[in-house]
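Take a look at the structure below.
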Amino acid sequence: MKYIFVTGGVVSSLGKGLAAASIGTLLESRGLKVLMQKFDPYLNVDPGTMSPYQHGEVYVLDDGAETDLDLGHYERFTSGVLSQMNNLTSGQVFDSVIKKERKGDYLGKTVQFIPHVTDEIKSRLQKVTADNSDVDVLITEIGGTVGDMEGLLFLEALRQYALEVGKENVCFIHVTLLPFIKAAGEIKTKPTQQSVAKLREIGIQPDIIICRTESDLDEDNRRKIAMFCNVEKKHVVAFRDVAHTIYECPLDLRRDKIDRLVVDKIGLGHTPSPALEDWERFVQKVIHPKHSITIAVVGKYIELQDAYKSIYESLIHAGAHNDTKVNIVRIEAESIEDNGAASAIGEVDGILVPGGFGDRGIEGKILAAQYARESGTPYFGICLGMQIATIEFARNVCGLEGANSTEFDKDTEHPVICLQEEQKGIKDMGATMRLGNCESILLAGTRASDLYDGADRIHERHRHRYEFNSDYQDRLLEGGLVISAVSAAEGLVEVIEVPDHPFYLAAQYHPEFRSKPNKPHPLFAGFIKVALDRANA
């Protein structure tokens, strides 16, 4: 196996994850099998207990691992299906080291950062290598910024690992910032020089430098960076701001032939030029669609772009599939409580209520679901959005006054959403929900079944603790609600629908975690199609 290690310098949020994912796209288009992983220096075991304001969305994998949102980029940009082995945090590393020490695994030795912590980090690389013998290239992104105290152990582990597997099998890529100083009217290369100097102090010489820049990179600055950073000029690559969509990133990096530089460095130069026709067609559909619609996303972390990252990307995928630009209007749920749904939401072609936790903004989301149902506006609920739709239907159609979830009102008279017995008494918040891939049975003759092309069983990713209360199932069915999917193992309600409505469907699982650029999730694709039909009508 060959290895690519992607580090970042100068500032955070440079797009290391997108750079790594884009390289994965280019290498796959050359016929190579690629696997990706993320090393995160924070001490949390995983981002599952973090506020979205801290870390953006929590991305869930098939095996239930709660991970960094960059793994969403990895799965969308490549064909790999990732697992908990593809995300490692300092919290996991130290937890493992301490447990081994308590068990006596170190045979009485003094436990130290080197070799014990660095060996733990290297063991993840070794295990992923051993478990994926068919993979040609493993791309590992290291979170944080070079020079941060938390990241030093990861970088030291990578320095050691490169020596152990042979430097001819490893490519170090460093992503830095090239700031444009408006007053001086020029790009400054000094931050990049100092960032690379810091990396070299640690013992790592980057093979390729990716320069994040608002515009292009002229030859003088390219030559200057190459000289001061000890790399060939052709190994200084521009990563420009893209005009329309992040899916242009692989095409932008291809301009400087980064895939050729990488395969030459790791001895895979015999591979063919990248076949990017399908990717280019998708990008053109995103940039030049024939139609346009407006979708309201009603949430509680709405001002934060990354909180619903996979939702927004899935809408883009579904839009391209329908040759449609999806204009997203972000609606703060609390504003609906203050101003009413019609006023806060306005004229839109569809309403989507995504997942979330806690009681803030809940009544606003319920009003949004009611507005969609009564006005005939297409409604798509995801996770909490499904629970919201259930509560709204129970209250306003079935006459169950005060119906609620026990998450928001422990004493509600009608707990149409509640904890299952196995969830009661759980104290730890992290990794204690229904997580990951679960099989569901689709019921024939429903909209959900039609959207999944008549499939009788599906597999989708979950992340929730509260469930549809089966004690109220008959009452809600009598009121006209349709249950169109249940979990195969427990019979828990997975999808609900309202008949005689253009599109009113809500799923307990997270379909956004399975959507890809040229393969949109069928529920998103169906939602956008109906919204487009309504707009055209």
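Numbering (the working numbering), first residue to last: 2 to 538. Glycine included, each C-beta is placed from N, C-alpha and C at the ideal position. None of the values given here were measured: they were computed from a predicted structure.
In chain order, which continuous runs of the beta strand (DSSP E) of length 3 or greater are located wholly inside the region 114–157? 138–143
Tell me which residue opens and which closes the alpha helix (DSSP H) that residue 450 is part of. Numbered from its first residue, the sequence shown carries residue 450 at position 449. Its alpha helix (DSSP H) spans residues 448–452.
Same chain only: Cβ atoms within 8 Å of residue 73, ignoring 5 sequence neighbours per side: Position 72 of the sequence shown, counting from 1, holds the residue named residue 73. Correct list, in chain order: 58, 60, 310, 311, 314 and 514.
In chain order, what residues of the same chain lie with their CB nearer than 7 Å to the CB of residue 430, ignoring the 5 residues before and after it? Indexing the sequence shown from 1 puts residue 430 at position 429. Here residue 430 scores only 47 on pLDDT, less than 50, and its place in the model should not be relied on; the value that follows carries that caveat. For residue 430, where only same-chain residues beyond five positions count, the Cβ hits under 7 Å are 50.
With a CB to CB cut of under 7 Å and the five nearest residues on each side skipped, what residues in its chain are close to residue 495? Residue mapping note: residue 495 aligns to position 494 of the sequence shown, counting from 1. Closer than 7 Å at Cβ, skipping near neighbours: 441, 486, 487, 488, 508, 509 and 510.
If I'm right that residue 212 touches residue 171 with Cβ under 8 Å, what's the distance once you round it to whole angstroms? Counting from one through the sequence shown, the residue named residue 212 turns up at place 211. Counting from one through the sequence shown, the residue named residue 171 turns up at place 170. So it is not a contact: roughly 21 Å between Cβ atoms.
First and last residue of the alpha helix (DSSP H) that includes residue 474? By 1-based counting over the sequence shown, the position of residue 474 is 473. Its alpha helix (DSSP H) spans residues 474–479.
Kindly indicate which three-state DSSP category residue 193 falls into: helix, strand or coil? Position 192 of the sequence shown, counting from 1, holds the residue named residue 193. Correct three-state label for residue 193: helix.
Taking Cβ positions, are residue 325 and residue 379 nearer each other than 8 Å? On the sequence shown, residue 325 is found 324 positions in, with the first residue counted as 1. On the sequence shown, residue 379 is found 378 positions in, with the first residue counted as 1. Result no, Cβ atoms of residue 325 and residue 379 do not sit closer than 8 Å.
Spatial distance of residue 155 from residue 168 (CA atoms): Walking along the sequence shown from the start, residue 155 turns up at place 154. Walking along the sequence shown from the start, residue 168 turns up at place 167. Between residue 155 and residue 168, the C-alpha separation is close to 17 Å.
Assuming residue 92 contacts residue 45 (C-beta within less than 8 Å), just tell me the rounded distance between them. Within the sequence shown, residue 92 is the residue found at index 91, counting from 1. Within the sequence shown, residue 45 is the residue found at index 44, counting from 1. Their Cβ separation, rounded to whole angstroms, is 5 Å, which keeps residue 92 and residue 45 in contact under 8 Å.
Where residue 228 falls, given that 16 or more other Cβ within 10 Å makes a residue buried: Position 227 of the sequence shown, counted from the start, is the residue given in the question as residue 228. Exposed.
For residue 102, I'd like the list of residues in its chain whose CB is within less than 6 Å of its CB, leaving aside the five on either flank, ordered along the chain. Walking along the sequence shown from the start, residue 102 turns up at place 101. Here the set comprises 112.
Is the separation between the beta-carbon of residue 256 and that of residue 275 shorter than 8 Å? The count along the sequence shown starts at 1 and reaches residue 256 at position 255. The count along the sequence shown starts at 1 and reaches residue 275 at position 274. Not a contact, by the Cβ cut-off of 8 Å.
Alpha carbon to alpha carbon, what distance is there between residue 149 and residue 115? Against the sequence shown, residue 115 aligns to sequence position 114. Against the sequence shown, residue 149 aligns to sequence position 148. So the alpha carbons of these two residues sit roughly 18 Å apart.
DSSP-derived helix/strand/coil call for residue 294: Taking the sequence shown and counting its residues from 1, the one referred to as residue 294 is at position 293. Residue state, collapsed to three classes: strand.
Closer than 8 Å is the cut-off here; do at least three beta carbon pairs connect the region 340–348 with the region 368–385? yes
Whole-number beta carbon distance between residue 355 and residue 300, since they are thought to touch under 8 Å: Taking the sequence shown and counting its residues from 1, one reaches residue 300 at position 299. Taking the sequence shown and counting its residues from 1, one reaches residue 355 at position 354. The pair is a contact, with the Cβ atoms about 5 Å apart (cut-off 8 Å).
Spatial neighbours of residue 450 in its chain, beta-carbon cut-off 6 Å, leaving aside the 5 residues before and after: To locate residue 450, count along the sequence shown from 1; it is residue 449. Same-chain partners within the cutoff: 443.
Looking at C-alpha atoms only, which residue of 512, 134 and 173 is the closest neighbour of residue 463? Along the sequence shown, read from residue 1 onward, the residue named residue 463 stands at position 462. It is 512.
Alpha-carbon spacing of residue 407 relative to residue 398, whole angstroms: The count along the sequence shown starts at 1 and reaches residue 407 at position 406. The count along the sequence shown starts at 1 and reaches residue 398 at position 397. In a straight line, the C-alpha of residue 407 is about 20 Å away from that of residue 398.
In angstroms, rounded to a whole number, what distance separates the CA positions of residue 173 and residue 452? Mapped onto the sequence shown, residue 173 falls at position 172. Mapped onto the sequence shown, residue 452 falls at position 451. If you take the alpha carbons of residue 173 and residue 452, they lie about 44 Å apart.
Can you check which of these residues, 350, 30, 161 and 262, is closest to residue 534 by C-alpha distance? Numbered from 1 along the sequence shown, position 533 holds the residue referred to as residue 534. Checked all of 350, 30, 161 and 262; the closest Cα to residue 534 is 350.
If residue 460 and residue 384 are in contact, beta carbons under 8 Å, what's the gap, nearest whole angstrom? Counting from 1 along the sequence shown, the entry for residue 460 is found at position 459. Counting from 1 along the sequence shown, the entry for residue 384 is found at position 383. Not a contact, Cβ separation roughly 16 Å.
Under DSSP, the alpha helix (DSSP H) around residue 438 begins and ends at which residues? Locating residue 438 in the sequence shown gives position 437, counting from the first residue. Here residue 438 belongs to no alpha helix (DSSP H); instead the beta strand (DSSP E) covers 435–443.
Run through the DSSP bridge pairs and tell me what residue 300 is partnered with. Position 299 of the sequence shown, counting from 1, holds the residue named residue 300. Looking at the DSSP assignment, residue 300 forms a beta bridge with 333.
For residue 33 versus residue 272, is the C-beta spacing smaller than 8 Å? Your numbering for residue 33 matches position 32 in the sequence shown. Your numbering for residue 272 matches position 271 in the sequence shown. In contact: residue 33 and residue 272 (Cβ atoms closer than 8 Å).
What is the DSSP secondary structure of residue 181, counted as helix, strand or coil? As a working mapping, residue 181 is identified with position 180 in the sequence shown. Correct three-state label for residue 181: strand.
In the structure shown, what three-state DSSP assignment does residue 8 receive? Within the sequence shown, the letter at position 7 stands for residue 8. Correct three-state label for residue 8: strand.
Might you give, ordered along the chain, the residues of its own chain that have their beta carbon closer than 7 Å to the beta carbon of residue 388, omitting 5 neighbours on each side? Against the sequence shown, residue 388 aligns to sequence position 387. Within the same chain, residue 388 has close Cβ partners 406, 418 and 467.
Measuring alpha carbon to alpha carbon, tell me which of 302, 242 and 186 ends up nearest residue 358. Sequence index remark: in the sequence shown, residue 358 carries index 357 (1-based). Comparing Cα-Cα distances from residue 358 to each of 302, 242 and 186, the minimum goes to 302.
Endpoints, alpha helix (DSSP H) assigned at residue 537: Position 536 of the sequence shown, counting from 1, holds the residue named residue 537. Residue 537 -> alpha helix (DSSP H) spans 523–537.
Mapping the DSSP letters down to three states, classify residue 460 as helix, strand or coil. Residue mapping note: residue 460 aligns to position 459 of the sequence shown, counting from 1. Residue 460 falls in the strand class under three-state DSSP.
Less than 8 Å between the C-beta atoms of residue 177 and residue 40, yes or no? The residue you call residue 177 lines up with position 176 of the sequence shown. The residue you call residue 40 lines up with position 39 of the sequence shown. No, Cβ-Cβ distance for residue 177 and residue 40 is not below 8 Å.
C-beta contact flag for residue 482 and residue 381 at 8 Å: On the sequence shown, residue 482 is found 481 positions in, with the first residue counted as 1. On the sequence shown, residue 381 is found 380 positions in, with the first residue counted as 1. Cβ distance not < 8 Å, so residue 482 and residue 381 don't count as in contact.
Mapping the DSSP letters down to three states, classify residue 228 as helix, strand or coil. To locate residue 228, count along the sequence shown from 1; it is residue 227. Helix at residue 228.
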